[in-house]
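Residue numbers (our numbering): 5 to 378.
C-beta atoms are modelled at their ideal positions from N, C-alpha and C, and glycine is treated no differently.
Below is one structure, written out as structure tokens; comments come after it.
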Ligand SMILES: Cc1cc2nc3c(=O)[nH]c(=O)nc-3n(C[C@H](O)[C@H](O)[C@H](O)COP(=O)(O)O)c2cc1C
């Protein structure tokens with residue numbers, strides 16, 4: 005399947021503008037999501053073997069998740085499980101609906117198997133997003149695996165008012181998802197990454213905490229189960245800055261760290277096509293991000309002595325890359341760019357390769373592999 009995708013399907017897709025392909029793919033997945041027969045067929049082709057892991061009170065059928073940014077409008081929520089994913093991170097969602105940056109804003113660096121994007125949180129806004137999720141639930145099409153939501157800041161909201169913006173999105177979306185990711189690391193909203201500073205992040209986490217644990221009088225009856233809150237970090241932070249986030253995360257009971265978002269760094273290249281793409285403003289994902297993302301994961305695991313679960317993301321294309329992330333300290337992993345370059349069978353093939361790795365290492369449980377390479 006991967007051969008077929010790479011040799012036949014991919015050249016056809018890559019002959020078209022990147023975001024147009026994304027939109028067409030999402031429309032096809034949205035249609036499949038509403039059609040039991042089609043969804044069953046997708047599932048029969050792509051469903052992954054079982055490789056369960058339990059984390060922050062949630063049961064993941066396998067550790068390979070869909071990274072944030074693919075399903076920004078909650079249009080294909082049931083499809084991701086059928087495509088073999090062990091969990092989904094929807095969004096990024098902001099409180100206000102916003103169109104994102106001007107097009108073109110999505111670029112392929114094909115020789116490097118990379119993407120540069122400056123989407124800028126195009127999304128329908130938290131209220132409409134909540135309505136879309138309510139609709140999937142009402143239709144009985146909600147996936148059986150954990151679903152998280154990536155929260156960003158609305159572009160119009162000044163940085164000082166960010167805590168209110170995140171907390172209000174969280175309040176609206178809280179009933180619909182199993183976990184939340186506070187995204188303060190996208191390079192495409194001006195100033196957003198400043199919110200990784202300790203004081204700013206502390207205020208955001210406090211505002212979300214206020215929604216999560218309201219005063220006794222404000223508590224409603226549906227407010228019983230808590231929602232794990234994770235923080236997503238940029239690969240461009242100095243390790244000292246990451247340490248400050250870790251200290252805060254441990255003190256504030258953050259459930260985990262998603263490492264990493266896209267990078268604003270660009271590797272050296274002599275290839276003119278790649279140079280052209282690399283000169284575009286935005287975040288770089290895919291193969292060139294792999295190594296730095298793994299370094300950050302290894303650092304976080306060592307610094308926290310494995311006490312803070314890590315979702316490893318950045319340049320994972322196959323089981324070797326996934327194993328590298330897990331043995332560096334990741335409990336779960338996510339992919340985005342690999343779907344574009346390897347096609348829809350990549351999830352299944354990563355899970356199957358991980359099972360092979362475990363067998364070779366004589367391990368029965370995935371959790372026994374976490375951090376063994378640090
Ligand atoms: C087009 C695009 C849009 C993205 N949007 C978001 C987003 O809204 N929120 C977020 O936290 N990360 C976003 N990401 C980053 C991915 O979730 C992921 O962290 C990054 O792409 C690295 O993983 P990869 O190398 O497997 O693609 C986006 C990435 C791409 C390529």
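Task: Range covered by the beta strand (DSSP E) that runs through residue 113 - done: Within the chain shown, the letter at position 109 stands for residue 113. From DSSP, the beta strand (DSSP E) with residue 113 extends over 110-113.
Task: Rounded straight-line distance, which links the Cα of residue 36 to that of residue 349 - done: In the chain shown, the residue the question calls residue 349 occupies position 345. In the chain shown, the residue the question calls residue 36 occupies position 32. About 16 angstroms.
Open item on the list: Excluding the 5 residues flanking residue 169 on each side, which residues of the same chain have their C-beta closer than 6 angstroms to its C-beta?
Closed with: Within the chain shown, residue 169 is the residue found at index 165, counting from 1. 99, 157, 158 and 161, listed in sequence order.
Task: Chain-order list of residues whose beta-carbon lies under 8 angstroms from that of residue 378 (same chain, five-residue window excluded) - done: Position 374 of the chain shown holds residue 378. For residue 378, where only same-chain residues beyond five positions count, the Cβ hits under 8 angstroms are 302, 305, 306, 331, 332 and 333.
TODO: Tell me, please, whether the region 99-113 touches the region 179-190 by the rule of three or more beta-carbon pairs shorter than 8 angstroms.
DONE: no
Open item on the list: Just to confirm, is the Cβ distance from residue 153 to residue 97 under 8 angstroms?
Closed with: By 1-based counting over the chain shown, the position of residue 153 is 149. By 1-based counting over the chain shown, the position of residue 97 is 93. The answer is yes: Cβ separation under 8 angstroms.
Open item on the list: Among 288, 65 and 182, whose alpha-carbon lies nearest the alpha-carbon of residue 268?
Closed with: Here the question's residue 268 lines up with position 264 in the chain shown. Nearest of 288, 65 and 182 to residue 268, Cα basis: 288.
TODO: Give a yes or no on contact between the region 64-83 and the region 360-369, applying the rule of three or more CB pairs nearer than 8 angstroms.
DONE: no
- [ ] Classify residue 367 as helix, strand or coil using the three-state DSSP reduction.
- [x] For this step, residue 367 is matched to residue 363 along the chain shown. Coil.
Open item on the list: Between the region 279-287 and the region 254-264, can you find at least three pairs of beta-carbon atoms closer than 8 angstroms?
Closed with: no
TODO: Using a threshold of 8 angstroms, state whether the C-beta atoms of residue 208 and residue 167 are closer than that.
DONE: If you number the chain shown from 1, residue 208 lands on position 204. If you number the chain shown from 1, residue 167 lands on position 163. The answer is yes: Cβ separation under 8 angstroms.
Task: Three-state secondary structure assigned by DSSP to residue 321 - done: Counting from one through the chain shown, the residue named residue 321 turns up at place 317. The answer is coil: DSSP assigns residue 321 none of H, G, I, E or B.
Task: Residue of 310, 74, 120 and 130 minimising C-alpha distance to residue 101 - done: Position 97 of the chain shown, counting from 1, holds the residue named residue 101. When only C-alpha atoms are compared, the closest one is 130.
Open item on the list: Is it buried or exposed, residue 376, if we count other Cβ atoms within 10 angstroms and call 16 or more buried?
Closed with: One-based indexing of the chain shown puts residue 376 at position 372. Flag for residue 376 reads exposed.
TODO: Return the first residue and the last residue of the alpha helix (DSSP H) that residue 346 is part of.
DONE: Reading the chain shown from its first residue, position 342 is the one you call residue 346. Residues 341-346.
Open item on the list: Here's a check: name, in chain order, each residue in its chain whose Cβ is nearer than 6 angstroms to the Cβ of residue 300, leaving out the five neighbours to either side.
Closed with: By 1-based counting over the chain shown, the position of residue 300 is 296. Cβ neighbours of residue 300 beyond the five flanking positions: 239, 263 and 264.
Open item on the list: Closer than 7 angstroms to a non-hydrogen atom of ligand 1 - does that hold for the CB of residue 177?
Closed with: Along the chain shown, read from residue 1 onward, the residue named residue 177 stands at position 173. Result no, Cβ not under 7 angstroms from ligand 1.
Task: Three-state secondary structure assigned by DSSP to residue 126 - done: Locating residue 126 in the chain shown gives position 122, where the first residue counts as 1. It is coil, neither helix nor strand.
Task: residue 338, DSSP secondary structure in three states - done: If you number the chain shown from 1, residue 338 lands on position 334. Residue 338: strand per DSSP, three-state reduction.
Task: Presumed contact (8 angstroms Cβ cut-off) between residue 337 and residue 124, rounded CB distance - done: On the chain shown, position 333 is the one that residue 337 refers to. On the chain shown, position 120 is the one that residue 124 refers to. Wrong, their Cβ atoms sit about 26 angstroms apart, outside the cutoff.
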